[in-house]
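Structure record follows, encoded as structure tokens.
There are 2 protein chains.
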Amino acid sequence: MQRIALDAMGGDGAPRVIIEGALSAVREWPDRFVVSLVGIPDEIREVLPREVPDSIQIVPAAEVVEGHESPVRAIRRKPDSSIVVGLGLLGAGEVDAFISAGSTGAVMAASRLLLGMLPGVERPTIGTMFPTTGSPVLVVDSGANIDARPSQLLQFARLGSVYMRDLLGLESPRIGLLNVGEESSKGGALAVATHKLLQDDEDLNFVGNIEGHEIVEGACDVLVCDGFVGNVLLKFYESVAGFIAGVLKAQLDPEVHGEGFKEVYRTIDYAERGGAPLLGVNGVSIICHGGSSARAIKNAIRVAVACLESNMVEDMASEFGLPTRRARVWRRIRRR
Amino acid sequence: MQRIALDAMGGDGAPRVIIEGALSAVREWPDRFVVSLVGIPDEIREVLPREVPDSIQIVPAAEVVEGHESPVRAIRRKPDSSIVVGLGLLGAGEVDAFISAGSTGAVMAASRLLLGMLPGVERPTIGTMFPTTGSPVLVVDSGANIDARPSQLLQFARLGSVYMRDLLGLESPRIGLLNVGEESSKGGALAVATHKLLQDDEDLNFVGNIEGHEIVEGACDVLVCDGFVGNVLLKFYESVAGFIAGVLKAQLDPEVHGEGFKEVYRTIDYAERGGAPLLGVNGVSIICHGGSSARAIKNAIRVAVACLESNMVEDMASEFGLPTRRARVWRRIRRR
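So the protein lines, in turn, are chains A and Y.
Each number in the numbering used here comes from the position in the first sequence (counting from 1) with 2 added on.
Each number in the numbering used here comes from the position in the second sequence (counting from 1) with 2 added on.
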């Protein structure tokens, strides 16, 4: 049984939406995990139904980190916050994964502090799934690192590759570098240097530069970019569906086509697809959109369980802990 | 009568599509301009109908710059190319504007060389109109400057402001800085330094940072970003409409809703909205998408004429040629 710590206090709809998500997860997948709701017990109990499954527990945490607080200061000043308590449990091995729709910055900072980085990884990265015409593409980094070095982007590529192999079962995920043209000389200093590092890494299936219009074409499985561009793209993508649906609604009869629009929103809305993993830390830490629905929380729990069942963190550790070539051979042997 | 030089050889559909665009422009707006088709006369004549309006002329140019050529080398080695000949005519004052759907890099390099920069402007920028739920937003830079300095981004903002005032008649265009959060401290070194410069410029109506999801909300009239992010966003935006329409088509009956989809494509497809002005050079130089349709070329001619009729280049020169405060007063007096 996997043990999931869920921040009951984080997100716009907390604690109600978070708890609804947890309840629907344990109903849909019974006997696979227990969920510890971390937060203010009175507030949690107010929302919980009278009859609660055994697989739902409450872990008290008296404080809440607010979105406007400076992340590093907040986790220092609020040691009894749901984020610090939940990640503390994970760091101590008392739970197996942590999920929060609270302050992204605070979850990142506390994950780094309480879980530690995998050896050989300099910084954590947020990987977000973008829907495409084919299978989804994992965009690393989606906002954790505004200024990233080429060596760090290479690390993000390797982390993303393991993630897509473990979670989507891809043999050899195609790695693309977001850029403004095909040629290796395109882009600024960061892109040119990163291109070379990706090209030289024999263990990566690097397919070259990916231009803006190729993203939704599913031209790669892992798209590498710095967190500035990744964050802008992510937010832009989320908003565009609503805009385009609006243009269409002005043309079409909305009564008739409600389902079509819902499907569009569902396809594009990344909140609906569950959380984004924080990759590179020594543990499964999932970050959800502040506006997550109960369905998104349920899906984030599914993602956390999939990370655990695929041994994602161990695979990432071996990706970095051994010389890459040996790690690859080792992985192949182990998988037989 | 405005005199427009049109590169007949540039773009995927050249010369046919380009010439069709020119013909439809002179038919739709007769007696307002003459169009000089610059290119290989035989190839142009093959497409031209027998009866050609007087307002269509041919200017011979024996060479064509290809898309794969290095822009600077190409314009040096092909002095008789349609791009160099057309911009040479503009630089010599023999025509009033130049339009090309050929190599963007070559048009930029030749514009810089043959027209020169406006005094006080370091680099040209490409401004592209993005559709939003409100009026369109001009994104500067859309790909001309991969590495830009804060002082250059400030110049792009000022150029964009004049453009939106002159062409869209906005009193005081709202300038936004593309960033990953609201606060002035957000973003990397480039964003933080540019924020300060924009904030300190009393003549700009700076509305602060704009996040990815705010772009389609029409949160500003001019969106400032470096050419890397601008280019990625532009190409991404162009491709997303097709993707989302595809999701909808799978849900809806396409027979019934053809018009709705066409409207979506029309709204999003920036090629349909004509060319993007190259701002900061001393002349009206319009860059069109390589895949421009005849309609896009027609619209680019309309944009060029609007630039000329609004005295855009003169207004930009006075924006930079006089101390900003004086220029503003001067503009106000002149407009009375």
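Quick reminder that beta carbons are idealized off the backbone N, C-alpha and C, glycines included.
Every value quoted in this text rests on a predicted model; they were computed, and no experiment measured them.
Interface annotation, Y/L236: in contact with chain A, CB-CB separation under 9 angstroms. For A/G293, the closest C-alpha among the options A/E45, A/R34, A/S102 and A/I77 is that of A/S102.
Measuring C-alpha to C-alpha distances from Y/R75 to each of Y/R47, Y/E45, Y/E311 and Y/G107 identifies Y/G107 as the nearest.
Taking 9 angstroms as the CB threshold, Y/I148 lines the interface with chain A. Excluding residues up to 5 positions away in sequence, G292 and G293 lie with their Cβ nearer than 7 angstroms to the Cβ of Y/D14 in the same chain. Per DSSP, A/T134 lies in no beta strand (DSSP E) and is assigned neither H nor E. For A/A16, the closest alpha carbon among the candidates A/E185, A/S84, A/S153 and A/H197 is that of A/S84. By the Cβ-count criterion, Y/P126 is buried, with 16 or more other Cβ atoms from all chains shown falling within 10 Å of its own Cβ. Checking the DSSP bridge columns, you'll see A/D9 partnered with A/V40. With respect to chain Y, the C-beta atom of A/E71 has no partner C-beta closer than 9 angstroms. Runs of the alpha helix (DSSP H) lying entirely within the region 169-220 of chain A and spanning at least 4 residues, in chain order: 191-202. Contact between A/P175 and A/D223 holds: their C-beta atoms lie close to 4 angstroms from each other, under 8 angstroms. Between the alpha carbons of A/N313 and A/Q4 lies a gap of roughly 12 angstroms. Using a CB distance cut-off of 9 angstroms, Y/F158 does not count as an interface residue toward chain A.
The Cβ-Cβ distance between Y/I6 and Y/D82 does not fall below 9 angstroms. Chain Y places a beta carbon closer than 9 angstroms to that of A/N233, counting this residue as a contact. Per DSSP, the continuous beta strand (DSSP E) segment holding Y/S102 begins and ends at A99 to S102. Remark: C-beta atoms of A/L161 and A/V142 approach each other more closely than 9 angstroms. Against chain Y, a Cβ distance below 9 angstroms from A/V226 picks out nothing, because the smallest value is about 13 angstroms. Shown here, Y/L117 sits in coil according to DSSP, grouped into three states, outside any helix or strand.
The alpha-carbon separation between A/R79 and A/T135 amounts to approximately 45 angstroms. DSSP links Y/G129 through a beta bridge to Y/V142. Less than 9 angstroms separates the beta-carbon of Y/L179 from that of Y/V226.
The closest CA to that of A/A146, considering only A/G41, A/G129 and A/R167, is found on A/G129. In the three-state reduction of the DSSP assignment, Y/P62 falls in the strand class, which pools E and B.
Residue-level contact by beta carbon fails for A/V37 and chain Y, as no gap is shorter than 9 angstroms.
For A/T135, a Cβ of chain Y is located within less than 9 angstroms of the residue's own Cβ.
Put simply, the backbone Cα of A/A27 is about 15 angstroms away from that of A/I288. Taking CB atoms only, Y/E68 has no neighbour in chain A less than 9 angstroms away. Note on geometry: alpha-carbon atoms of A/D203 and A/A319 lie some 17 angstroms from one another.
Per DSSP, Y/I299 is one residue of the alpha helix (DSSP H) stretching across A296 to E311.
When only Cα atoms are considered, Y/V164 and Y/L310 end up about 13 angstroms apart.
In its chain, beyond the 5 residues on either side, L89, F100, P126, L280, V283, G285 and S287 have a beta carbon closer than 8 angstroms to the beta carbon of A/S113.
Here A/K237 is buried. Its C-beta has 16 or more other C-beta atoms within 10 Å. In this structure, DSSP gives A/S83 an extended state, which the three-state scheme calls strand.
In this structure, DSSP gives A/I289 an extended state, which the three-state scheme calls strand.
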